[in-house]
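Down below is the structure, laid out as structure tokens.
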Amino acid sequence: MASAGEASPLLNTVGACNAETPPGVRPWTRHGESVLLPEERAEGANAMGTFSGVVMPNTLGVFGVIIFLRLSWACAQSGLLLFLVIMTAAYSVAGLTVLSLMSISTNGRVRGGGCYFMISRALGPEFGGAIGLIFYAANIAGCGLYLVGLSDALISAFDLPGTRWHKLAYGSAVLLLVTVVCLVGAKAYAKTGIFIFVLLWAIIAVVLGSIFFRSNGSVAGYTGFSRSTLHHNLYPDFQAAPAGAGAQSFQSVFAVYMPTTTGLLAGSNMSGDLADAARSLPRGTFIAVVLTYVTYALLAVSMAATIQRSEMLENYYVVQDICISKYIVTAGIVCSTVSSALGNQIGGSRIVQALARDKLFAFLKPFAYGAPGSDEPRYGVLLSMVLIQALLFVGDLNTLAKITTSCFLISFVIINFACFVLSISGTPNYRPSFTGSNAFTTGLGTVVCLGTMFFVDVVYAGVSLGFLVILLIYVHWTAPPLNWGFISQALMYHQVRKYLLRLDVRKNHVKYWRPQFLYLCANPTSSLQVLDFVNNLKKGGLYVVGHILVGDVVSQGRRYKQQVAAWREFIADTKIKAFSETLIAPSVRAGARSLLEVSGLGALQPNTLIMGFFDTSTSMADAQAAGLGPDDLRSTVSLRGPALSGRREFVSAARRHFAAAFREPTSASAITLAEYVGIINDALFFNKNVVITRNFERLDKELIVTRALSRFGAEPQRSASFFSNMYRSTTAALSRSRKINIDLWPIDVSGTSQFDHSFTLLLLFGWILQLTDIWSKFTRLRVFSIIHTGESKDAERERIELMLRTARIDAEVIPLELSEAASASWFDATPPSVGPEWANADRNSDGDDVEPATVAAAADEDARIGASSARTSTAYYPYEDEVHDGVDRDSDAFQRLLLVRYSIVNQLMRAYSAEAGVIFSTFDRPSVAVRYNTHFLAGLDALTRDLPPILCLYGIGTFLATEM
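Numbering (UniProt numbering), first residue to last: 1 to 964.
Below you can see the structure in the form of structure tokens.
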């Protein structure tokens, strides 16, 4: 939440107050001198009002060289009626932009930088930086255009030498004069502008008087006011005139007149010098639009009613001839061009200063500094002078006009677009005082300005857009982090909310099913491999990482905030496509149940729970109680495997963000076996698939790639850039036989119909994994099927292959026939005789293939929750009837049967999948009776012990679509 006195998030403070600057120190200083910050300038000596800061520069910007040198020609080519249409169209394009500008400028405090400031704070640094540089280029090109036009007018008026070098000298001299005024500052500009403003209006009045009251016939082509002349000049007559000019059209005349309206943004460049920019900009711009439109229309009508078409077509200087003195018109040309050049240079210098202070372009850093006391951008003025001087060497009026028009029009497009996206975003903080603009006008303005840009000149429009894209990419990759607010976030929120409401869970279909994971992560520092692996497995689905703090807000509030921030930074750094959910709950199971119930939004909810194996190794709390420090904890604590192991970028991010947040004991140290099994049953009740992971500390993606390539004969060097370079290590695709295996072991240990769901989920997960990351290039799928003595391997292979073809999954099928002893054990729950295939088995005194320490630790957990009394009760689970699937799991015989079958499968996996990259298997759901918790854990341990990384699945529902 913004604090009181903080600027609106949509139009935030210019980045002048650098966070690294000590309090009380002004960041913009040079040689130890104090400099006013941009926000202080409005209260300083340069504070300008509506007239001097907006009306005057806008009016002078519109009254450029066109008003005296091309207005009569444009009126003659298109006729008065069509010219009024052209003029109205040009003003409409600019007017729509002015409406958008009024809205943005009244939505918060506006500071130095004009349109750049407003766009950057509305759309973010990428658009702001790109359009700021283009808008600066438009001002520089416009200044060059006016000075070149002035040189041509001086040569014609005074019969001066007109060689290229003479024109360059005239323009350079005027540029030097303009630069001196700009260096003095806004005060000198305002005083000079007022003088020129008054003089220019006086000249326009003299010209109008001469046109209306000059004697008829005193000048060639001048008829005085005549209905016949007016009628003859009403309609278009496009000609290749004057002599040497090409064929003319509506498009060419529009292109000549359009640059005049770009001057309506001149006042916005002075936003940092205005006493009240939010009030002055809309009012002053509106006044300038009315004044200039009426003046142009009045001049056009007077010329069309008094001057013959032929004279206006052939003589650019006909107004000079008609005026009582041609030097008056020359003075008007000088005033209009010098004033426009002044406005462009001083405005452009302020834009480049704002760009430099925001640090969007490193090469502009020296131009962030201003003059002591007034903060005038003198370095920016000098930079502008150098660039304008370079344009004067070009000297081509038409080229400069096209550059200026294209750059200004693309600025118009972005201004309208900025206002449009703010309007449709529905952001409560977008509350402009000016209400004459809405989503329709701003959207129309965006389209019209874009179309106009291409209508004027397709080539220059395309080049301008290409330059904009290049700048967008450059700023995106090089700009420092800036907290201005991003309109993209508001737009995405608006669209996501709209489509989430349309996402109807009742319309879900198996054809469009995708995995959506909730991963319960106890300690991220020891779960990095799983976090990365699940990111590969999600296939465009939802991925939520849940973390539970046991306690209440009082005891866990500080850690909660630390860990929420740590998770966000970790996810951003590692670029895993996941959401984090951290919550405080009285127990791990209560927290997990809350996550199962409320994670997600609408139809976008997790459908699969992922958990680690119930680890009985030293807890973090015990390690700390033993006096171990943070470094010892990282190497000792193993809730999901060795701490801080995995891909280098994950380990680096974990060290940066989780070192402090997870220094204290986590909720995982307090979980009991009853809670662990209860979470699984809760997930099944809520119709979530369950995945249990184990041995992921052994997952090494670099090793998988190295092994695959070494088989191929091209072993890469392991380095920090390993993953970015690994695909360049081979020049040909790996053969199928040389790839690392993803092994799928579907095991029907309980004989229920639910196994089919787990089997299809197993196939789908294996196929999805093979599409992503290293798995797509360096692995292959294998499906193992266990058959008993006397059953046909070929028949089983054909059955599985048919299922795979129907499911459109490419995998190798490997049927395994159990020995007679193993088959007998499979059905009578008697451990098989020790044979070659079981030579590595470790059995306890009861004959169960399970670690005694695991059973003992689990039994201790049972005792801790009063399991001795619970043995007389059939169930502790409140939803027993809901989850019953027809199998009597509440018997010692059935639990022993499961344990033996898991042991047999484990031995087969050790024999056939010891070098697999990862194993997928199925498991049977736990009993709801607490007395069998230890048996469930023993079974999982027997199934997954001493294997590569393995995922045990239990599926609920249908996942594979075989029909159209």
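For every residue, glycine included, the Cβ atom is placed at its ideal position computed from N, Cα and C.
Can you tell me which of the three DSSP states residue i falls into?
i	result
N438	coil
R843	Low confidence applies here, because R843 scores a pLDDT of 31, under 50, leaving its location unreliable and the question unanswered by this model.
L549	strand
S336	helix
G185	coil
W513	coil
residue 971	With the chain running from 1 to 964 in the structure shown, residue 971 is simply not present.
N139	helix
I66	helix
W775	helix
W484	coil
L639	Its pLDDT being 34, under 50, L639 is placed unreliably by the model, and the measurement read from it follows with that caveat. In this structure, L639 counts as coil in the three-state DSSP scheme.
T608	strand
V110	coil
Y560	helix
V360	Note on identity: in this sequence residue 360 is Leu, with Val being the wrong assignment. Here L360 sits in coil by DSSP.
N523	coil
Compare the Cα-Cα distances from residue i to each of the options and report the closest residue.
i	options	result
F51	I140, L392, G193, L549	G193
Q529	F696, G113, Y116, F827	F696
L744	V219, L400, Q770	Q770
W775	A243, K167, V93, I919	I919
R931	K688, A795, A674	A674
Y474	S526, K359, F685	K359
T752	Q907, S336, Y954, F614	Y954
E314	T260, T292, A247, A241	A241
F784	S792, M909, A603	M909
L71	G209, V62, L177, Y257	Y257
Among residues of its own chain, excluding the 5 on either side of residue i, which ones have a beta-carbon nearer than 7 angstroms to its beta-carbon?
i	result
A137	C407
D631	Reliability fails at D631, whose pLDDT of 35 lies under 50, so the model's placement of it is uncertain and the value that follows must be treated cautiously. Correct list: empty, nothing qualifies.
L230	A304, A305
My guess is that residue i and residue j are in contact by the Cβ rule of under 8 angstroms, so how many angstroms apart are they, rounded?
i	j	result
L584	G546	A small fix is needed here, since residue 584 is Ile in this sequence, not Leu. Incorrect: roughly 12 angstroms between the Cβ atoms, too far for contact.
V206	C323	7 angstroms
V65	G149	4 angstroms
L491	S437	Not confirmed; about 18 angstroms, so no contact.
F68	C75	Incorrect: roughly 13 angstroms between the Cβ atoms, too far for contact.
Taking 6 angstroms as the limit between beta carbons, can you name the residues of its chain near residue i, skipping five residues before and five after?
i	result
F434	M102, S103, T106, P282
F959	W513, T760, L761, L764
F755	D748
S120	G128
A277	V110, S271
R378	L183, A371
C335	I196, L199, L200
G766	I742, L744, L781, F920
M611	L520, I692
T579	According to the sequence displayed, residue 579 carries Phe and not Thr. Here the set comprises V544.
F238	Q77, Q248, S249
I403	A141
I679	R589, A592
F225	A305, T306
Can you tell me where the beta strand (DSSP E) with residue i in it begins and where it stops?
i	result
M803	Where M803 is concerned, there is no enclosing beta strand (DSSP E), although the alpha helix (DSSP H) it sits in stretches over 793-807.
Y954	950-954
R782	779-787
E812	812-817
A585	579-585
R121	Note, R121: premise wrong, no beta strand (DSSP E); alpha helix (DSSP H) at 115-123.
Kindly list the residues whose CB is nearer than 8 angstroms to the CB of residue i, restricted to its own chain and excluding five residues on each side of it in sequence; keep chain order.
i	result
A914	L947, P948
Y327	A157
I155	P161, G162, H166, K167, Y170
What residue does the alpha helix (DSSP H) around residue i start on, and which one ends it?
i	result
I403	397-425
E915	Run containing E915: none; DSSP gives neither H nor E here.
I470	458-478
I680	673-685
G766	755-769
L744	L744 -> not in any alpha helix (DSSP H); beta strand (DSSP E) instead, spanning 740-745.
V534	528-537
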